[in-house]
Amino acid sequence: MDSARDLLEKNSTGSLTTDLWTSSCCDAYMGVTYHTISEEWQLISKALAVPHFPVERHTAEETCIGLKEVVDKWGIEVIDVIHDNASNMQDATILYQKNLMKALEKLGKHREREEL
54 MDSARDLLEK NSTGSLTTDL WTSSCCDAYM GVTYHTISEE WQLISKALAV PHFPVERHTA
114 EETCIGLKEV VDKWGIEVID VIHDNASNMQ DATILYQKNL MKALEKLGKH REREEL
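Just so you know, our numbering puts the end of the sequence shown at 169, numbered straight through with nothing missing.
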């Protein structure tokens, strides 16, 4: 059976589901699961991370940073993020998408300069 890393290298574009929650011991965690479709049209879902979320406030900014860390660690391309209706999650995904667009714009400008 392929390892999670091998599967993600073959299927590096997909979506995430994520949620923040607090345990009964008052420890916060962020679960991140990756979903994609294989070349054989099979759904692939892998839990990528359930890191401790040590920040006191679950702000959009901190959540966005947490998502980016997971995405960068696994080297995947995210086309969408599915989450609950909490305002911090909504704002975090908007921030994530804005940061992604800025990075793509910089990459495009860099490539334009190389072509000149």
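We put the CB at the ideal spot given by N, CA and C, even for glycine.
- In the displayed model, Val85 falls within a strand according to three-state DSSP.
- The segment 110–122 makes no contact with the segment 90–101: fewer than 3 CB pairs, one atom from each, lie closer than 8 Å.
- Nearest to Ile97 by alpha-carbon distance, out of Trp74, Thr86, Val103 and Leu148, is Thr86.
- Scanning its chain for C-beta atoms nearer than 7 Å, with the 5 sequence neighbours on each side dropped, one finds around Asp144 the residues Ala113, in chain order.
- According to the DSSP assignment, Ile118 belongs to the alpha helix (DSSP H) that extends over Ala113 to Trp127.
- In this structure, the alpha-carbon of Gly84 lies about 8 Å from that of Thr70.
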